[in-house]
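Protein chains: 2
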Amino acid sequence: MVKVLINGYGSIGKRVADAVSKQKDMEVLGVTKTKPDFEARLAVEKGYKLYCAIPDKERLKAFEDAGIDVEGTILDVIEEADIVVDAAPKKIGKQNLESIYKPHKVKAILQGGEKANDVEDNFNALWSYERCFGKDYVRVVSCNTTGLCRILYAINSVVEINKARIVLVRRAVDPNDDKNGPVNAIKPNPVVVPSHHGPDVVSVIPEFEGKIITSAVIVPTTLMHMHTLMVEVNNNISREKLLEAIKETPRIKLFKAEEGFESTAKIIEYARDIGRLRYDLPELAVWEESVNVLENEIFLMQAVHQESIVIPENIDCIRAMLELESDKFKSIDKTNKALGIE
Amino acid sequence: MVKVLINGYGSIGKRVADAVSKQKDMEVLGVTKTKPDFEARLAVEKGYKLYCAIPDKERLKAFEDAGIDVEGTILDVIEEADIVVDAAPKKIGKQNLESIYKPHKVKAILQGGEKANDVEDNFNALWSYERCFGKDYVRVVSCNTTGLCRILYAINSVVEINKARIVLVRRAVDPNDDKNGPVNAIKPNPVVVPSHHGPDVVSVIPEFEGKIITSAVIVPTTLMHMHTLMVEVNNNISREKLLEAIKETPRIKLFKAEEGFESTAKIIEYARDIGRLRYDLPELAVWEESVNVLENEIFLMQAVHQESIVIPENIDCIRAMLELESDKFKSIDKTNKALGIE
Chain F
17 MVKVLINGYG SIGKRVADAV SKQKDMEVLG VTKTKPDFEA RLAVEKGYKL YCAIPDKERL
77 KAFEDAGIDV EGTILDVIEE ADIVVDAAPK KIGKQNLESI YKPHKVKAIL QGGEKANDVE
137 DNFNALWSYE RCFGKDYVRV VSCNTTGLCR ILYAINSVVE INKARIVLVR RAVDPNDDKN
197 GPVNAIKPNP VVVPSHHGPD VVSVIPEFEG KIITSAVIVP TTLMHMHTLM VEVNNNISRE
257 KLLEAIKETP RIKLFKAEEG FESTAKIIEY ARDIGRLRYD LPELAVWEES VNVLENEIFL
317 MQAVHQESIV IPENIDCIRA MLELESDKFK SIDKTNKALG IE
Chain R
17 MVKVLINGYG SIGKRVADAV SKQKDMEVLG VTKTKPDFEA RLAVEKGYKL YCAIPDKERL
77 KAFEDAGIDV EGTILDVIEE ADIVVDAAPK KIGKQNLESI YKPHKVKAIL QGGEKANDVE
137 DNFNALWSYE RCFGKDYVRV VSCNTTGLCR ILYAINSVVE INKARIVLVR RAVDPNDDKN
197 GPVNAIKPNP VVVPSHHGPD VVSVIPEFEG KIITSAVIVP TTLMHMHTLM VEVNNNISRE
257 KLLEAIKETP RIKLFKAEEG FESTAKIIEY ARDIGRLRYD LPELAVWEES VNVLENEIFL
317 MQAVHQESIV IPENIDCIRA MLELESDKFK SIDKTNKALG IE
């Protein structure tokens, strides 16, 4: 059992902790928090050993004052870890890498908020498992990039991609955010076209350099991101064969509008109805009716549950970096079975 | 002075009435309402002659009971009209055409909610003014189609379009709608790709048949629609020349994110600040920073104020159908000057 420290028990960190604890080949060494809020209390109640993320006596005392059991600071546990999953806010991951992980010689996974060049490589289970095998510092790419990597894998498995044009319609904030917006606006973000999402996909799939153009807007919703894909291909492909490839790709799930899945709200209602913890849907959701092939171009629309899509990727990334499993599909299968996903 | 009857004093109708009354060559004969609500009362207070849209005694009595002055029903005034602008809800326009306008031999303009084939032709001031000259039954295309026609005119004025791919991010409801949604969801609408918006553009610009592919989603906002355009072209074009063409096209306004126009909310705030009635922005809003040319492809993002973009088009359509002005640019100029738009 390899020991995994989760640095930052927030949206991603708490989900990674729960996912790690469900695997047979890894365990949660501990989790960290910067402040003694309800998430810190729940971590302790769940049985996770809690550490203060900031090595500072005042910070530590705040936990004790709040009556939350804390084992010490991150520096008291870091060297026991086989690997750290960093789930700190954007840009803090890079700081932690330089100030904590590298000096203490511990392997680390950063999240998609950090930059591609801050690490040795960029991870998606389908595309770069082998490349990241045994590496020390790797980034699991963002939710949007993960969703795009999965669908491009499915398409690429049956046809050669010439040029992919993608428009991202991003959720404004996560459901627990009671501070930011927009509440009533559509926001080009970035306002320049193309956006950075194309290059982020290329950090995982270098052969798509120059072949992927993205633009993005932000809209007032919390549930999921949405993508519209228009993919020019070099060979003939039937809609049926494409649907088959999508079905066969792990972690993609087809939803039919005809069955009532008319929006992201209905897809999330499904995740709630089947009893998914926190209504998580780590599978990429593709609308079956939207899948279309016109001449040499593929069209489809998909939705990404931003809080959970990267969770199984973090688990596979741990296995690759610690060389626990050399076959990516075996790792994907282990992760999926343990998490009850498809 | 030609006499214009506005059938349906709702979102579009009340704006058309105000726009007609500002022109020198036309006047408002009357407006209609199906029920005696605050809009009906405001119509009378503004000095418009009000008629009951439904020729029925009970309906008429409801206005009298509510203490709102009503001149009679639409059938008491229809034959005095030189033209009717139908601004009834979707599908009612077609019914009115068959049951009222044709039997009473009065020219009529329908709105974008009706079908392209219900009428003789489809109107955009830049593209089909000459075609609609003197015709009897014409449709002014929808807000989204109007916005697309304008930008495609600008692009087409300097470069040959090979294929336009457009993703529409549509506002959920108008600001006065306290009934419908979605409040928190992204909804593919339609869930099939391509959407009907491409063919609707083709109803105005037949030469774009097979050259325009659209898809659309609905998002929780009330202010404006947004479009992302990716347009493959056959000739070389510089960004500067393209921007020049956009600036020279009537009813398009460039907004810089750098100046604070970071979202549709900021664009509408501008319309409020400059004192536009109802914060209307009949000009198509294009984000200057989004305009880009990469190899043979043009990219840009634009926003459409759904309540007002078609208003000047209705005015020009009246002039074309009644043969008041043979030069489209002269009509556009008259309309714009009277409305104080660019």
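One line per chain: the protein sequences are F and R, in this order. Position one of the first sequence corresponds to residue 17 (our numbering), numbered consecutively onward. Position one of the second sequence corresponds to residue 17 (our numbering), numbered consecutively onward. Glycine included, C-beta positions come from ideal geometry on N, C-alpha and C.
| said: Can you tell me whether residue 269 (chain F) is helix, strand or coil according to DSSP? | reply: Residue mapping note: residue 269 (chain F) aligns to position 253 of the first sequence, counting from 1. It is a strand residue.
| If you compare alpha carbons, which of F:170, F:190, F:123 is closest to residue 153 (chain F)? | Position 137 of the first sequence holds residue 153 (chain F). Cα-wise, what sits closest to residue 153 (chain F) is F:123.
| task | Check whether the region 159 to 166 of chain R touches the region 228 to 248 of chain R, counting contact only when three or more Cβ pairs, one atom from each stretch, lie closer than 8 Å. | result | yes
| Taking the C-alpha atoms as reference points, what is the distance between residue 273 (chain F) and residue 303 (chain F)? | Position 257 of the first sequence, counted from the first residue, corresponds to residue 273 (chain F). Position 287 of the first sequence, counted from the first residue, corresponds to residue 303 (chain F). Straight-line Cα distance between these residues: approximately 7 Å.
| Name the residues in the region 176 to 206 of chain F whose C-beta lies less than 7 Å from a C-beta of chain R; which are they? | From the region 176 to 206 of chain F, only 181, 183, 185, 198, 200, 201, 202, 203, 204 have a Cβ closer than 7 Å to chain R.
| field | Rounded separation between residue 187 (chain F) and residue 283 (chain R) - CA only | value | Position 171 of the first sequence, counting from 1, holds the residue named residue 187 (chain F). Position 267 of the second sequence, counting from 1, holds the residue named residue 283 (chain R). Their Cα atoms are separated by approximately 21 Å.
| task | Find the residues of chain R that neighbour residue 273 (chain F), judging by a C-beta separation of less than 8 Å, and give them in chain order. | result | Indexing the first sequence from 1 puts residue 273 (chain F) at position 257. Simply 204, 207.
| query | With 16 other CB atoms within 10 Å as the buried threshold, where does residue 347 (chain R) fall? | reply | In the second sequence, the residue the question calls residue 347 (chain R) occupies position 331. It is buried - the Cβ of residue 347 (chain R) has at least 16 other Cβ atoms within 10 Å.
| request: Within 10 angstroms of the Cβ of residue 58 (chain F), are there 16 or more other Cβ atoms? Answer buried if so, exposed if not. | output: Position 42 of the first sequence, counted from the start, is the residue given in the question as residue 58 (chain F). The residue is exposed, with fewer than 16 neighbouring Cβ atoms inside 10 Å.
| said: So if I threshold CB-CB distances at 9 Å, which residues from the region 284 to 303 of chain R count as touching chain F? | reply: 284, 303
| message | Counting only beta-carbon separations shorter than 7 Å, does residue 309 (chain F) have a partner in chain R? | response | In the first sequence, residue 309 (chain F) corresponds to position 293, counting from 1. No - not a single Cβ of chain R is within 7 Å of the one on residue 309 (chain F).
| Whether residue 329 (chain F) touches residue 335 (chain F) by CB criterion (7 Å) | In the first sequence, counting from the first residue as 1, residue 329 (chain F) sits at position 313. In the first sequence, counting from the first residue as 1, residue 335 (chain F) sits at position 319. In this structure, residue 335 (chain F) does not lie closer than 7 Å to residue 329 (chain F) by Cβ.
| query | When Cβ atoms are compared, which residues of the region 248 to 282 of chain F fall closer than 8 Å to chain R? | reply | Listed by position along the chain: 273, 278, 279, 280, 281, 282.
| Whether residue 211 (chain R) touches residue 230 (chain R) by CB criterion (7 Å) | Residue 211 (chain R) sits at position 195 when you count from the first residue of the second sequence. Residue 230 (chain R) sits at position 214 when you count from the first residue of the second sequence. Result yes, Cβ atoms of residue 211 (chain R) and residue 230 (chain R) sit closer than 7 Å.
| When you check each C-beta in the region 321 to 333 of chain R against every C-beta of chain F, which residues fall closer than 9 Å? | So nothing in the stretch comes that close.
| task | Kindly list, in the order they appear in chain R, the residues whose Cβ is closer than 9 Å to that of residue 224 (chain F). | result | If you number the first sequence from 1, residue 224 (chain F) lands on position 208. Within chain R, no residue comes near residue 224 (chain F); the closest Cβ sits about 16 Å away, beyond 9 Å.
| request: Give the DSSP-derived three-state secondary structure of residue 347 (chain R) in the structure shown. | output: Position 331 of the second sequence holds residue 347 (chain R). Helix, per DSSP.
| query | DSSP state of residue 318 (chain R), grouped into three classes? | reply | Residue mapping note: residue 318 (chain R) aligns to position 302 of the second sequence, counting from 1. Residue state, collapsed to three classes: strand.
| query | What are the start and end residues of the beta strand (DSSP E) that includes residue 264 (chain R)? | reply | Your numbering for residue 264 (chain R) matches position 248 in the second sequence. Segment 255 to 264 is the alpha helix (DSSP H) holding residue 264 (chain R); no beta strand (DSSP E) there.
| Is residue 268 (chain F) near the ligand MN, going by C-beta to nearest heavy atom under 6 Å? | Ligands in the displayed structure: none, and consequently the ligand MN is not present.
| Counting pairs of Cβ atoms below 8 Å between the region 191 to 208 of chain F and the region 263 to 282 of chain R, do you hit three or more? | Counting Cβ pairs under 8 Å, three or more are found: they touch.
| field | Candidates F:262, F:111, F:214, F:183, of which the one nearest residue 235 (chain F) by Cα | value | Counting from 1 along the first sequence, the entry for residue 235 (chain F) is found at position 219. For residue 235 (chain F), the nearest C-alpha among the options comes from F:183.
| Neighbouring residues, chain R, relative to residue 231 (chain F) (Cβ below 9 Å) | One-based indexing of the first sequence puts residue 231 (chain F) at position 215. Ordered by position in chain R, the residues that pass the 9 Å Cβ test against residue 231 (chain F) are 183, 244, 246, 306, 315, 317.
| Same chain only: Cβ atoms within 7 Å of residue 104 (chain F), ignoring 5 sequence neighbours per side | Working through the first sequence from its first residue, we reach residue 104 (chain F) at position 88. Excluding positions up to five away in sequence, the list reads 23, 24, 112.
| Within this structure, are the beta carbons of residue 60 (chain R) and residue 85 (chain R) separated by less than 7 Å? | Position 44 of the second sequence, counted from the start, is the residue given in the question as residue 60 (chain R). Position 69 of the second sequence, counted from the start, is the residue given in the question as residue 85 (chain R). Yes; because the gap between Cβ atoms is below 7 Å, this pair is in contact.
| said: Quick check: residue 209 (chain F) and residue 185 (chain R), are their CB atoms within less than 7 Å of each other? | reply: Along the first sequence, one-based indexing puts residue 209 (chain F) at 193. Along the second sequence, one-based indexing puts residue 185 (chain R) at 169. Against a cut-off of 7 Å, the Cβ pair of residue 185 (chain R) and residue 209 (chain F) comes out as no contact.
| Buried or exposed by the 16-neighbour rule on C-beta atoms within 10 Å, applied to residue 250 (chain F) | As a working note, residue 250 (chain F) is residue 234 in the first sequence. Under this definition residue 250 (chain F) is an exposed residue.
| message | Against chain R, with Cβ distances strictly below 7 Å, would residue 135 (chain F) count as a contact? | response | Here residue 135 (chain F) corresponds to residue number 119 of the first sequence, with the count starting at 1. Residue 135 (chain F) does not count as touching chain R.
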